[in-house]
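Peer 1: So for the sequence shown, numbering that gives the first Met the number 0 puts the first residue at 0; every next one is plus one.
Cβ coordinates follow ideal geometry from the N, Cα and C atoms, glycine included.
Here it is: the structure, laid out below.
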Amino acid sequence: MEERLPASDDSATNPPPPASSLETYVVQVPRDQIYRVPPPEHALKIEEHTRNSENQEANRQSRISSIAIPIVLIAVLAVIAIITVRATVYRPTAPEFTVTGIQGKGLANGRSPEFKITIQARSRNTRLSASYKGAGETALLFKNKEIGQGRIGSAAVEEGTGGVAELAMVLAGNAAAMTPEMKKSLTDDKEKSMEVNVELTVEMKSWMRNQSMDMMISCDFRVRNSLMNVTQISFQECKKL
């Protein structure tokens, strides 16, 4: 009797094919939720956001302007005020000069003559202090002849605001220019007319303004007595050249 073999189980010997790694899903969206353009409420939100951003930028600029404009105006007014005060209240004015003394040496004994002259400078600037120093030659003239020459001392003479300064200078006599008649006239007690020309620099200073002025002054004066004694000046007139 022939023995039957059991039927082969293909499912047991051959495993099922592996599942594909690519799977397809179908998503169904309701037709009323599909938009080709953003929904109206989204547009309203974007418009509101844009409007808020513009309002914030406008407010920020307005705040900056409200702070910057007053500061600029105050700065401009301050500059105008400083310029005005500097040009009016602190405007330098040339001092007034007066010859206060003159003395001669070596006029009678034949030695080299010498002249000592003192000029008073009075500042007319109540808010500026002034200092003076020689900027050039000082010349003494008598009968249209230059009989002495020198300059103000090298050290500046300083004085307070609206004060007085004494400018002293020693002039070397020009013996060649002085005749015996001129020496006699300078030492007698008769009134004599003379002239002194001075080059100097005046420095005006204050906390707001500093300025230097180079000037030449000419003083015409008359002396009543001998230059060998304490002189008496009867007339004088100083002017700026």
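1) Can you tell me the Cα-Cα spacing of K204 and M177, whole angstroms?
2) Tell me, to the nearest whole angstrom, how far the beta carbon of V169 is from that of K239; I am working on the premise that it is less than 8 Å.
3) Distance, Cα to Cα, E144 vs Q119?
4) Considering only residues of the same chain and omitting the five flanking positions on each side of I232, which have a CB-CB separation below 8 Å?
5) So, with DSSP's three-state summary, where would you put T99?
6) Along the alpha helix (DSSP H) that carries T137, what are the first and last residues, could you check?
7) Whether or not the segment 125-141 and the segment 189-200 are in contact is what I'm after, with contact meaning three or more pairs of Cβ atoms, one per stretch, closer than 8 Å; do they touch?
8) Would you list the one or two residues that DSSP bridges to A194?
9) What do you get for G162, buried or exposed, if any count of 16 or more other CB atoms within 10 angstroms of its CB means buried?
10) Restricting to Cα atoms, I'd like to know which of V78, I146, G103 is closest to E194.
11) Run through DSSP, which three-state label would S225 get?
Peer 2: Straight from the coordinates:
1) For the purposes of this step, residue 204 is identified with residue 205 of the sequence shown, where counting begins at 1. For the purposes of this step, residue 177 is identified with residue 178 of the sequence shown, where counting begins at 1. Taking the straight line from one Cα to the other gives about 42 Å.
2) Mapped onto the sequence shown, residue 169 falls at position 170. Mapped onto the sequence shown, residue 239 falls at position 240. V169 to K239, Cβ: 23 Å. No contact.
3) Here residue 144 refers to the residue found at position 145 of the sequence shown. Here residue 119 refers to the residue found at position 120 of the sequence shown. The identity of residue 144 in the sequence shown is Lys, whereas the question assumes Glu. It is roughly 24 Å from the alpha-carbon of K144 to the alpha-carbon of Q119.
4) In the sequence shown, the residue the question calls residue 232 occupies position 233. Only residues of its own chain outside the window of five on either side were considered, and among them V98, T99, G100, I101, F220, R221, V222, R223 have a CB closer than 8 Å to the CB of I232, listed in chain order.
5) Translated into positions along the sequence shown, residue 99 becomes position 100. Here T99 sits in strand by DSSP.
6) To locate residue 137, count along the sequence shown from 1; it is residue 138. Per DSSP, T137 belongs to no alpha helix (DSSP H); it is in the beta strand (DSSP E), 128-141.
7) Touching, yes, given that three or more Cβ pairs across the two stretches are closer than 8 Å.
8) Here residue 194 corresponds to residue number 195 of the sequence shown, with the count starting at 1. It is Glu, not Ala, that sits at residue 194 in the sequence shown. In DSSP, E194 forms a bridge with L140, D219.
9) For this step, residue 162 is matched to residue 163 along the sequence shown. With fewer than 16 other Cβ atoms within 10 Å, it is exposed.
10) For the purposes of this step, residue 194 is identified with residue 195 of the sequence shown, where counting begins at 1. Answer by Cα proximity: I146.
11) On the sequence shown, residue 225 is found 226 positions in, with the first residue counted as 1. Coil, per DSSP.
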